[in-house]
Structures are given as structure tokens and as C-alpha cells.
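Structure first, then comments.
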Amino acid sequence: MAELGEKVELYPYSYDRTHNSVQARADESQLVESETKVRFPGRIMAKRGTGKTLFVPISDEWGTLQAYFRKDDLGEERFDQVKRLIDIGDWIGVEGTLFRTRTDELTVKVEDFTFLAKAIRPLPEKFHDMSLENKSRRRHLDLAMNLESRERFKLRSAIITDIRGFFSDEEYLEVETPVLQPLYGGATARPFVTHHNALDMTLYMRIADELYLKRLIVGGFERVYEIAKDFRNEGMDRTHNPEFTMLECYAAYWDYHDMMDLTERLIRRLAITFGNEGKLTYGDLEMDFNQPFARLRFMDALEEKTGQDLMTLSDDEVAAVAKSKGITLKKTMGRDKILDELFSELVEPDLIQPTFVMDHPKELSPLAKAHRESDGLVERFELFVAGFELANSFSELNDPREQRSRFMDQKALIEAGDDEAQPIDEDFLQAMEQGMPPTGGMGMGIDRLVMLLTDSNNIRDILLFPHMRPEGGQ
RNA sequence: GGGCCACUAGCUCAUCAGGUAGAGCAUCUCCCUUUUAAGGAGGUUGUGCCAGGUUCAAGUCCUGGGUGGCCUACCA
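Using the working numbering, the letters of the first sequence correspond one by one to residues 17 to 490.
Shown next as C-alpha cells:
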């Protein structure tokens with residue numbers, strides 16, 4: 017290393033590439049025939065020497081191209097330098113003509129080469145998969161070693177780009193709302209709490225975008241959406257990370273039926289673009305998005321599973337049904353919470369094909385408009401696919417008097433010890449009091465969606481830098 | 001949160017009943033002018049996660065802690 021550093025530049029400033037690994041393969045016949053000199057940069061992934069020759073697979077973002085160093089071509093001094101001082105992990109650029117080896121591998125016959133960056137720490141061993149922990153903790157190594165990891169994250173990017181394209185086609189305006197909020201709201205979750213020094217005040221990191229996006233509807237924007245990180249101070253597991261990417265969209269004059277149609281258009285488009293003719297495979301499951309999505313009323317689904325019309329039962333009778341289905345009841349659970357538990361237990365596991373679950377109990381949806389026909393229900397839907405809840409949507413509550421009363425109910429829950437209930441947001445109420453048009457809103461968990469579209473069973477596989485405990489304790 | 005399991009060389013893993021640690025890859029030396037998990041000969045590589053305890057003796061058994069994985073519960 018010291019010896020090498022004195023002779024050659026190890027960390028130059030740039031390199032002029034003529035071809036990447038894919039372009040070289042695509043233009044192979046023309047490049048080989050005309051003996052065109054290519055300049056190809058990348059990272060050394062292996063080193064196979066045979067006396068006076070050296071084969072070096074070089075990998076770039078898109079794939080790998082092999083370089084062939086030959087003593088007769090480079091001269092003794094230069095060849096010895098390559099052989100001794102090039103290491104796996106180094107970035108180099110090679111210049112030469114393309115040919116096919118005896119074993120039919122497209123190869124650059126090197127006439128000249130340049131160090132682009134010397135690695136002084138080795139890459140991981142190549143024959144075994146890195147553990148998920150190592151992949152997640154040292155993503156740069158995962159990406160360096162595994163083309164399929166690079167492809168998966170490029171796919172994530174393409175999915176999000178396509179979602180933006182969809183909303184652009186639908187004439188939605190992309191906006192940005194605050195991450196740091198004086199009050200959190202829009203979902204039931206515990207927030208991360210932080211502090212603003214100059215104003216000496218507590219701020220919360222958002223758990224949802226909802227209340228700010230609705231202010232924009234009040235302000236007169238008719239269709240808005242945001243794709244951004246939300247933060248929830250809760251458990252982590254295979255499908256949950258403390259910070260996660262959420263899509264929310266709102267449209268004036270729409271109700272939840274309109275939103276259902278929009279959601280179906282979006283998901284079908286993604287399934288066609290990223291799946292196999294509108295079909296997706298997730299683990300053992302096979303989903304078809306070509307047919308109209310099933311639409312299932314929440315209470316009807318429960319009735320089918322329990323054989324009882326739970327709407328007509330008393331609170332005690334509902335609790336008894338839940339117990340008979342093996343659900344552990346807690347004191348803080350209201351009637352609607354119990355219904356929700358029943359639903360999760362009895363219905364959700366069967367929701368493999370895309371299914372809209374509609375018309376939920378009211379208590380669980382403090383920001384949704386009451387159902388126009390059924391007392392005690394709200395106009396809400398959730399989209400389930402492969403057992404995942406992918407999207408959540410309401411006809412948004414826009415009556416400020418009703419909204420205030422719902423907030424009061426939430427406040428009662430907080431006082432009863434529910435630390436996930438939503439606090440009263442006077443500023444938001446004030447905005448609504450100034451008039452919010454009828455509005456449809458929808459939220460979608462992008463990470464879940466990407467898991468589904470990439471057939472990944474762990475959220476860490478589709479987050480570049482998932483949250484991890486610090487290594488080594490403390 | 002609860003349960004089960006794991007942690008040994010830079011990486012992936014062995015060490016079966018407690019006797020003081022090994023393989024492949026990487027690395028180092030040498031041979032080899034079309035290799036591709038190249039091959040051949042030889043060498044180096046360890047706070048056995050941490051801290052206690054039991055024992056003549058602990059990577060191995062016990063206790064506590066740390067980190068990770070899987071299952072389970074809840075929010076996306």
C-alpha cells in the first residue's frame with residue numbers, strides 16, 4: 017500500500033467511461049468486430065491468477081464484466097504491479113478491447129488500467145449469504161455483494177416514481193407538510209417527542225400527514241398528496257419500523273367510493289407494471305388484480321363468521337361472542353374495539369385477494385364521516401391484500417361540530433389511560449370551522465406495498481437503512 | 001411486551017460426553033499465459049458477546065446482562 021501510493025494515484029478525481037457492463041454486452045458484436053477500445057470502471061469482485069495471466073471480474077451497478085490482464089500485453093513491471101497490488105474490493109477502470117474467452121465469457125483484454133479507489137478493508141466472503149443482520153447493518157456491503165439487493169431497491173424507487181406518475185396523471189398536487197408538529201394527530205399511535213431550543217417548546221414528529229393535508233383542502237387546493245416519512249414510537253418487527261413511508265391523498269368533492277375507485281386504479285396499475293400481467297406472487301400466495309376488487313362490509317363479514325348480526329346485540333353480548341372466539345378482553349376495550357379485535361382474528365387472515373373492507377364502527381375512526389345510511393358506522397374502507405392492510409380511507413369528516421365532539425370522545429379515552437388516542441387539535445378545528453368541502457382521503461403504507469410487489473417478507477429487506485439497535489450494547 | 005433459539009478467525013460455519021480451538025473463503029510466500037467457488041504446495045489469523053459463579057480444569061455447565069433471529073400480540 018505504501019509502496020503503491022508513492023508510485024500511482026490511488027484516489028483520482030474522475031474517470032471517463034465509454035460503456036457500463038450492460039452497454040458492453042448489448043453492443044458486443046460491433047465492439048468485438050471493430051476492436052473498439054472500451055473504458056470500463058467498477059469494483060473488483062474476485063481475482064483469479066494463472067501464472068502470467070490474471071482474470072478479474074469487475075462489477076458495476078448493473079452487473080459484472082471480466083477483465084483479462086496478460087503479462088505479454090502489459091509488460092513485466094506493470095503486470096507484476098497488477099498481480100501484487102490489486103485487491104478484491106478495489107475500484108479500478110480498465111481500458112482495452114472486448115473478446116470471448118474459451119469458456120465463452122465476454123472479457124476486456126486490458127491494455128491499460130487505473131486505480132479509482134483502493135480498498136483497505138476486505139469485502140465479505142462471497143460463497144455464503146450475509147446474515148440479514150449484516151445486510152441491514154452494513155447495507156453498503158449488501159449492495160456491493162448482491163446484485164439482487166441493488167435490483168430490489170431500484171424496484172422500490174421505480175414503484176414510488178410510478179406512484180408519483182399516477183397522481184400526476186390524476187391531476188394531484190404533490191405537497192410537503194411539517195415533520196415537526198406542535199401537536200400530533202391523524203392516527204392512533206404514540207409519537208416521538210423532541211424539543212425546539214429557540215422557542216423552548218415541545219415538538220412531536222408526525223405520526224400522520226392528515227391534519228395538515230386537510231388544511232390545504234380548506235385552503236382551496238382540490239387534490240393533494242404527499243409521500244413522506246411518518247414516525248411512530250412503537251414496537252419493531254418484521255413489518256414495522258419506527259420511521260416508515262406513507263402516502264396520503266385528499267380530493268375535494270369526493271367521498272370514499274371515489275377514493276375506492278382511485279385506490280383500485282392505482283393498485284391495479286402497479287400490479288400490471290410490476291407484477292406478471294396484473295398478478296402477484298407473495299410467498300405461497302397468488303393474487304390477481306385484474307378483476308374488480310371484492311367489496312365487503314365490515315359487519316357483514318363478522319356476521320358471516322359468527323353467525324350473528326352483531327349490530328343488534330348488546331355490548332355484553334358482543335363481549336360474550338368475542339370470548340367464545342378466544343379473544344382476550346381488556347377493561348379499556350370499548351364495544352367497537354372488541355369488534356375490531358374480532359375482525360382481525362376472524363376475517364383478516366382470509367383476505368388474500370384484494371378486498372375493500374367497508375363501513376367500520378365509529379369509535380375507531382374519529383376523523384371519518386358518519387355513514388349516510390347506517391347508524392354507528394362510518395364511511396371508511398381498508399384495502400387488504402395478502403393479509404396486509406395496505407390502505408385506509410374515509411369520507412372525511414368535515415362538520416366541525418361533529419369533529420369537536422369526536423375529539424372530546426378521544427380526550428375521554430386519553431383520560432382513561434389510552435396513550436394512543438388522539439389529542440384535541442384546536443388549530444385544526446379552527447381550520448375546519450372556516451369550511452372544509454366534502455373530501456375523500458386515503459392513506460397507504462408504502463413499505464408494505466413494496467414488500468408485496470417485491471415478494472419480501474421482512475421490512476428490513478426493503479428499507480435501505482432499517483432502524484437497528486446500536487451494535488455492542490449500551 | 002411474551003415465548004423459543006443463537007452469538008467461536010475479516011466472512012460463512014464446525015468443535016457430538018467440561019481437558020485449554022478448527023475448516024472453507026479472505027490474507028501472506030511459492031508454482032502455473034483463457035480462469036470463472038480456478039488449481040497445487042506451505043504459512044499467519046482468535047478478549048470463543050460481556051460480567052460473575054461451579055470445577056483440578058469452562059467456548060462447553062449455572063446466574064445476570066448485551067445483541068440478533070424466529071414465533072406471538074398491536075399500530076402502516
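All residues carry an ideal CB built from backbone N, CA and C; glycine is no exception.
Contact the segment 272-289 vs the segment 212-229: 3+ CB pairs below 8 Å: no
Whole-Å CB distance - Ser409 paired with Gly457, under 8 Å assumed: 6 Å
Let me know the secondary structure DSSP gives Thr204 once reduced to three states. coil
Enclosing beta strand (DSSP E) for Arg396 [first to last residue]: 396-401
Residue ranges of each alpha helix (DSSP H) run of no fewer than 4 residues wholly in the segment 377-442, ordered along the chain? 416-431
Excluding sequence positions up to five away, which residues of its chain have a Cβ less than 6 Å from the Cβ of Met467? Ile478
For Arg206, count neighbouring C-beta atoms within 10 Å of its own C-beta (all shown protein chains included) and say buried if the count is 16 or more, exposed if not. exposed
Option in Gly236, Glu250, Ala224 with minimal Cα separation from Ala268: Gly236
Specify, as a first and last residue, the run of the alpha helix (DSSP H) that Lys339 falls within. 331-340
So, using beta-carbon positions, are Phe372 and Phe404 closer together than 8 Å? no
Nearest-angstrom Cα separation, counted from Met315 out to Gly358: It is worth fixing the name first, because residue 358 is Leu in this sequence and not Gly. Spanning the two alpha carbons is a distance of roughly 11 Å.
The segment 316-336 / the segment 288-297 touching (three or more Cβ pairs under 8 Å): no
Can you look up Gln324 in the DSSP assignment and give me helix, strand or coil? coil
Alpha carbon to alpha carbon, what distance is there between Arg417 and Met448? 9 Å
Out of Asp375, Val54, Phe400, Thr204, which has the shortest C-alpha to C-alpha gap to Arg388? Asp375
DSSP three-state label for Glu226, please. helix
May I have the straight-line CA-CA distance separating Leu122 from Arg254, to the nearest angstrom? 41 Å
Could you say if the segment 412-430 and the segment 171-180 meet the contact criterion of at least three C-beta pairs nearer than 8 Å? no
Just to confirm my understanding: we take Ala203, look at its own chain, exclude 5 residues before and 5 after, and list those with CB closer than 6 Å. What are they? Ile223, Ala224
Quick one: what's got a C-beta closer than 6 Å to Pro531's C-beta in the same chain, skipping five residues either side? With the chain running from 17 to 490 in the structure shown, residue 531 is simply not present.
Report the option in Gly58, Glu141, Phe182 whose CA atom is closest to the CA atom of Val38. Gly58
Determine, using beta carbons only, whether Tyr200 and Leu132 come nearer to each other than 8 Å. no
Between the Cα of Gln82 and those of Val54, Gln307, Met146, spot the shortest distance and give me the residue it belongs to. Val54
Would you mind sorting Leu209 into buried or exposed? The rule is 16 or more other CB atoms within 10 Å of its CB. Per the sequence shown, the amino acid found at residue 209 is Val instead of Leu. When all chains shown are included, Val209 counts as exposed.
Could you check if Gln481 is buried or exposed, using at least 16 other CB atoms within 10 Å of its CB as the buried criterion? A quick correction: the sequence has Phe, not Gln, at residue 481. Counting Cβ neighbours within 10 Å, Phe481 comes out exposed, since fewer than 16 surround it.
Among Pro140, Thr119, Glu111, Phe85, which residue has its Cα nearest to the Cα of Arg100? Phe85
Which residue's Cα is closest to the Cα of Trp78: Phe95, Leu70, Ala42? Ala42
For Asn292, which beta-bridge partners are listed by DSSP? Lys295
Roughly how many angstroms lie between the CA atoms of Ile175 and Phe182, to the nearest whole one? 10 Å
According to the Cβ coordinates, are Ile462 and Ile243 closer than 8 Å? yes
Look at Val110 and Phe56 and say whether their C-beta atoms are less than 8 Å apart. yes
Is it true that the CB of Pro382 sits closer than 8 Å to the CB of Phe305? no
Apart from the five residues on each side of it in sequence, which residues of its chain come closer than 7 Å, Cβ to Cβ, to Arg476? Leu148, Ser152, Pro482
Going by beta carbon distance, what residues of the same chain come within less than 7 Å of Gly350, once the five residues before and after it are set aside? Glu379
Grab the span of the beta strand (DSSP E) containing Asp300 for me, first residue to last. That residue, Asp300, is in no beta strand (DSSP E); it is neither H nor E in DSSP.
Closer than 6 Å by C-beta to Leu429: which residues in its own chain qualify, once you throw out the five before and the five after it? Chain order, please. Ala437
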